[in-house]
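Trainee:
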Amino acid sequence: MSEHRPGPVVDTTASRHARLRPVAPRDVRITDDFWAPRLRRNREVTIPAQHAQCTQTGALRNFQRAAGSVGGDFSGRYYSDSDVYKWIEAASWSLSTDPSPELTDRLDAVIKLVAGAQDTDGYLNTYFSVDRVGQRWTDLVVRHEMYCVGHLVAAAVAHVRATGDTALLDVAVRAVTHIAQRFAPGEVPGACGHPGLEMALVELYRTTGDERWLTLAGWQLDSRGTGVLDGSEYLVDHEPVRSQTRVTGHAVRALYLYAGMADVVLETGDPQLRHALDRLWADLAGGKTAITGGVGARWDGEAFGDAYELPDRSYNETCAAIAHIFLAWRMLLLTGEAQYRDAVETALHNGVLPGLSLTGTEFFYQNPLADSGRHRRAEWFSCACCPPNIARLLASLPGYLYTTTDEGIQVQLYIGNRAELRLADGTPVRLDLATGLPWRGTVALSVQPAAPAEFTLSLPVPGWAGAQVEVRVNGEPVRPERTEGRLALRRTWRPGDRVELTLGTAVRTLVTHPRVAATHHRAALARGPLVYCLEQADQPGTAVADIRLTGAESWTVEDRPELLGGVCALTADARAVPADDGPLYRPYPGVPAAGADVPVTAIPYYAWANRQPGEMRVFIPLA
Ligand SMILES: [Zn+2]
Numbered sequence: 004m005s006e007h008r009p010g011p012v013v014d015t016t017a018s019r020h021a022r023l024r025p026v027a028p029r030d031v032r033i034t035d036d037f038w039a040p041r042l043r044r045n046r047e048v049t050i051p052a053q054h055a056q057c058t059q060t061g062a063l064r065n066f067q068r069a070a071g072s073v074g075g076d077f078s079g080r081y082y083s084d085s086d087v088y089k090w091i092e093a094a095s096w097s098l099s100t101d102p103s104p105e106l107t108d109r110l111d112a113v114i115k116l117v118a119g120a121q122d123t124d125g126y127l128n129t130y131f132s133v134d135r136v137g138q139r140w141t142d143l144v145v146r147h148e149m150y151c152v153g154h155l156v157a158a159a160v161a162h163v164r165a166t167g168d169t170a171l172l173d174v175a176v177r178a179v180t181h182i183a184q185r186f187a188p189g190e191v192p193g194a195c196g197h198p199g200l201e202m203a204l205v206e207l208y209r210t211t212g213d214e215r216w217l218t219l220a221g222w223q224l225d226s227r228g229t230g231v232l233d234g235s236e237y238l239v240d241h242e243p244v245r246s247q248t249r250v251t252g253h254a255v256r257a258l259y260l261y262a263g264m265a266d267v268v269l270e271t272g273d274p275q276l277r278h279a280l281d282r283l284w285a286d287l288a289g290g291k292t293a294i295t296g297g298v299g300a301r302w303d304g305e306a307f308g309d310a311y312e313l314p315d316r317s318y319n320e321t322c323a324a325i326a327h328i329f330l331a332w333r334m335l336l337l338t339g340e341a342q343y344r345d346a347v348e349t350a351l352h353n354g355v356l357p358g359l360s361l362t363g364t365e366f367f368y369q370n371p372l373a374d375s376g377r378h379r380r381a382e383w384f385s386c387a388c389c390p391p392n393i394a395r396l397l398a399s400l401p402g403y404l405y406t407t408t409d410e411g412i413q414v415q416l417y418i419g420n421r422a423e424l425r426l427a428d429g430t431p432v433r434l435d436l437a438t439g440l441p442w443r444g445t446v447a448l449s450v451q452p453a454a455p456a457e458f459t460l461s462l463p464v465p466g467w468a469g470a471q472v473e474v475r476v477n478g479e480p481v482r483p484e485r486t487e488g489r490l491a492l493r494r495t496w497r498p499g500d501r502v503e504l505t506l507g508t509a510v511r512t513l514v515t516h517p518r519v520a521a522t523h524h525r526a527a528l529a530r531g532p533l534v535y536c537l538e539q540a541d542q543p544g545t546a547v548a549d550i551r552l553t554g555a556e557s558w559t560v561e562d563r564p565e566l567l568g569g570v571c572a573l574t575a576d577a578r579a580v581p582a583d584d585g586p587l588y589r590p591y592p593g594v595p596a597a598g599a600d601v602p603v604t605a606i607p608y609y610a611w612a613n614r615q616p617g618e619m620r621v622f623i624p625l626a
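First residue of the sequence shown: 4, per my numbering; consecutive thereafter.
1) For the structure I just gave you, are there three or more beta carbon pairs, one from the region 440-449 and one from the region 59-74, closer than 8 Å?
2) Could you tell me if G75 is buried or exposed, where buried requires 16 or more neighbouring beta carbons within 10 angstroms of its beta carbon?
3) Whole-angstrom Cβ separation of E561 and A575, contact assumed at under 8 Å?
4) Would you say D374 and R301 are within 9 Å of each other, going by their C-beta atoms?
5) In terms of alpha-carbon separation, which member of L625, A612 and Y588 lies closest to A638?
6) Could you say which of S246, V179, A257 and T248 lies nearest to A220 if we only look at CA atoms?
7) Measure the C-alpha to C-alpha separation of R493 and V570 and round it to an integer number of angstroms.
8) Would DSSP call W216 helix, strand or coil?
9) Using DSSP with H/G/I as helix, E/B as strand and the rest coil, what is D621?
10) Would you verify that the beta carbon of L513 is, or is not, closer than 9 Å to some beta carbon of chain C?
11) Does DSSP classify H253 as helix, strand or coil?
12) Leaving out five residues on either side along the sequence, give the residues of the same chain with a beta carbon under 6 Å from the beta carbon of V502.
13) Report the residue from A159, L404, D101 and R282 whose alpha carbon sits nearest the alpha carbon of V113.
14) Given a threshold of 16 other Cβ atoms within 10 Å of its Cβ, counted over all protein chains shown, does A331 qualify as buried or as exposed?
15) Considering only heavy atoms of ligand 1, does any lie closer than 8 Å to the CB of V298?
16) Quick one: grab the DSSP three-state call for N370.
17) Taking all protein chains shown into account, do 16 or more other C-beta atoms lie within 10 angstroms of the C-beta of A161, making it buried, or fewer, making it exposed?
18) Using a threshold of 9 Å, state whether the C-beta atoms of N353 and T438 are closer than that.
19) Can you find the residues in the same chain that come closer than 7 Å, C-beta to C-beta, to M4, ignoring five residues on each side of it along the sequence?
20) What is the residue span of the beta strand (DSSP E) that C536 lies within?
21) For a test of your reading of the model: does the CB of V255 fall under 8 Å from any non-hydrogen atom of ligand 1? Yes or no.
22) I want to check one thing, is the minimum distance from the CB of N613 to the heavy atoms of ligand 1 below 8 Å?
23) Three-state secondary structure (DSSP) at Q413?
24) Looking only at its chain, what residues have a beta carbon closer than 6 Å to the beta carbon of A257, apart from the 5 residues adjacent to it on each side?
25) For R215 and H524, what's the separation of their Cα atoms in angstroms?
26) Count the other CB atoms within 10 Å of the CB of A9; is the residue buried (16 or more) or exposed (fewer)?
27) With 16 as the cutoff for other CB atoms within 10 Å, does R530 come out buried or exposed?
28) If we call anything under 9 Å between Cβ atoms a contact, is Q451 one with R433?
29) Here's the rule: buried if 16 or more other CB atoms are within 10 angstroms of the residue's CB, otherwise exposed. What is V12?
30) Measuring straight from C-alpha to C-alpha, what distance separates T495 and L424?
31) Output needed for A468: all residues of its chain with C-beta closer than 6 Å, excluding positions within five of it in sequence on either side, in chain order.
32) Below 8 Å on the Cβ atoms is my guess for S85 versus H154; work out the distance and round it to an integer in Å.
33) Determine, using beta-carbon pairs with one atom in the region 398-408 and one in the region 20-40, whether at least three such pairs fall under 8 Å.
34) Could you check where the beta strand (DSSP E) with V31 kicks off and where it finishes?
35) Is V621 closer than 9 Å to Y608 when the C-beta atoms are compared?
36) Can you tell me whether Q247 is buried or exposed? The criterion is at least 16 other CB atoms within 10 Å of its CB, across all chains shown.
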């Protein structure tokens with residue numbers, strides 16, 4: 004048996020139009036004291052708890068029912084199968100970095116259940132089994148059949164890349180063969196009300212080399228805009244994807260679709276799709292993204308709003324921030340541009356991380372930027388998309404830290420780790436990266452090539468670092484070329500070479516574009532990659548709703564190891580303007596309201612709602 008070589012999450016290794024090649028999660032071990040404990044909790048607490056949820060909710064039993072081994076009714080929603088597939092993906096990536104015989108046994112048992120539920124013609128969806136066989140493929144708009152197969156394929160690809168085992172891949176290939184026959188490219192238009200299959204098909208093509216799956220992905224994209232989904236704008240069927248200019252409709256669906264489009268462009272270089280992606284990204288980043296990287300402002304339909312429609316209590320589904328990362332990561336692999344790297348970093352720290360409690364067992368579905376204390380995390384949801392989506396992203400996170408090119412190695416995320424990478428000529432290079440981030444802007448990188456080797460080590464300068472960047476190589480200050488948000492260090496690297504980098508982490512007081520009416524005359528606080536908020540628990544004696552900033556605050560960064568799992572809090576004297584008992588509406592006074600100086604403490608937004616309920620605000624009114 005040949006040794007299995009683990010693969011990356013999005014495998015552009017052989018993609019003709021990719022600028023960057025990813026690395027396998029297996030090749031990177033996260034070691035810092037911010038992310039490593041979170042990944043450990045994901046392995047030890049979240050993944051087992053989610054298996055238990057899939058058991059309790061009947062999502063696993065649905066597969067036994069479809070196989071005919073148990074009776075009774077179908078349990079849950081018509082897309083419950085996807086909960087199980089996302090769990091398989093999370094478990095697979097987890098096994099890739101942290102082998103566990105117990106988890107392997109559990110995973111193999113789940114895969115056996117899934118395989119047993121597949122029909123002889125390849126069809127696999129437990130909702131449309133037993134008593135609903137006659138309804139298959141009768142409602143592409145609502146019923147998520149292709150979406151579920153997309154998660155099956157994604158799980159199968161993760162499983163084979165992580166473990167080398169093809170048991171689930173065979174099931175996935177049979178399922179998409181069935182779809183390719185039913186919705187044959189060039190003959191029968193087919194697309195799902197909930198995208199997701201497109202990116203999975205491209206990944207299946209990358210894994211198997213079978214061009215049918217790339218062709219089917221392209222066909223699914225071009226089936227949109229033909230009325231296959233009733234021409235719905237909400238489902239992005241209002242216009243061919245090639246001519247689209249605005250991100251619209253359900254946020255997760257839209258961004259999964261565009262991530263699949265980016266995957267096709269990475270393989271084919273299709274210029275029309277590429278230009279559409281550039282326009283859509285500009286619309287997304289220019290007026291439809293929360294300061295946290297959350298997207299999908301409207302509660303009505305979990306949808307994008309109009310440009311600059313970014314209310315305080317935006318919906319910001321956790322899955323939409325994950326979809327934002329999926330799209331940005333693919334655009335980064337395609338272009339190498341810093342804006343996409345920055346988007347991944349922001350959404351990871353501020354859009355996804357708040358979705359998870361500090362205990363690893365409770366989840367947010369929506370991530371508003373202000374709350375009265377009523378919005379709390381839950382252990383699970385009847386629509387359980389977000390919890391296993393967080394689990395699979397965290398389990399695969401080591402695969403997002405680096406990329407490589409023929410010229411060398413690019414650091415993408417400053418997360419402490421030990422990596423075993425290879426240069427294009429096969430030379431092994433070990434990297435040990437230690438960092439104080441997200442709290443301190445210090446990065447120390449030890450470079451250990453197996454033999455002296457000339458290559459470029461490329462380090463990102465995040466947008467938040469500003470101009471304050473210092474670099475030393477073996478203790479000597481250097482002034483490397485700084486282009487496109489990156490520093491390029493090209494030299495002959497020798498074992499033991501050491502790079503030290505200091506990034507500016509000044510507290511930033513940020514305001515929004517003047518057309519964002521909802522947060523006009525308000526400011527948010529950020530430091531390093533983190534967005535901050537005020538939570539009532541930290542403001543004894545002052546109501547959060549009464550706090551005003553002047554913008555002239557002198558913020559102190561306080562190490563608080565005892566607070567919220569260990570954070571840097573920001574403290575300053577700000578102004579309190581107590582509520583009066585005057586009328587709700589009143590003449591504009593023309594001058595700032597009088598107030599008193601009060602001490603205030605801001606905490607990272609990801610950590611809110613882990614204590615007693617209380618008011619929370621990201622955007623704070625200006626005095
Ligand atoms: Zn979700």
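Backbone N, C-alpha and C fix where the C-beta goes; we use that ideal spot for every residue, glycine too.
Computed from a prediction, not measured in an experiment: that's the story for all the values here.
Mentor: Looking at the coordinates:
1) With a cut-off of 8 Å, the region 59-74 and the region 440-449 do not count as touching, because too few Cβ pairs lie within range.
2) exposed
3) Not really, about 11 Å apart at Cβ, beyond 8 Å.
4) no
5) Absent from the model: residue 638. The displayed extent of the chain is 4 to 626, so no value can be given.
6) V179
7) 36 Å
8) helix
9) The residue asked about is misnamed: residue 621 is Val in this sequence, not Asp. Three-state result, V621: coil.
10) The question asks about chain C, but that chain is absent: this structure has only one protein chain.
11) Strand at H253.
12) L448 and V476
13) A159
14) buried
15) no
16) coil
17) By the neighbour-count definition (other C-beta atoms within 10 Å, threshold 16), A161 is a buried residue.
18) no
19) Caution is warranted here: a pLDDT of 41 is assigned to M4, below 50, making its placement in the model unreliable, and no coordinate value can be reported.
20) L533 to E538
21) Between ligand 1 and the CB of V255, the shortest heavy atom gap is smaller than 8 Å.
22) no
23) strand
24) V239 and V250
25) 54 Å
26) According to the sequence displayed, residue 9 carries Pro and not Ala. Under this definition P9 is a buried residue.
27) buried
28) yes
29) Only buried fits V12, as 16 or more other CB atoms lie within 10 angstroms of its CB.
30) 17 Å
31) L506 and G507
32) That pair is a contact at about 4 Å.
33) Enough Cβ pairs lie closer than 8 Å, so yes.
34) V31 to I33
35) yes
36) buried
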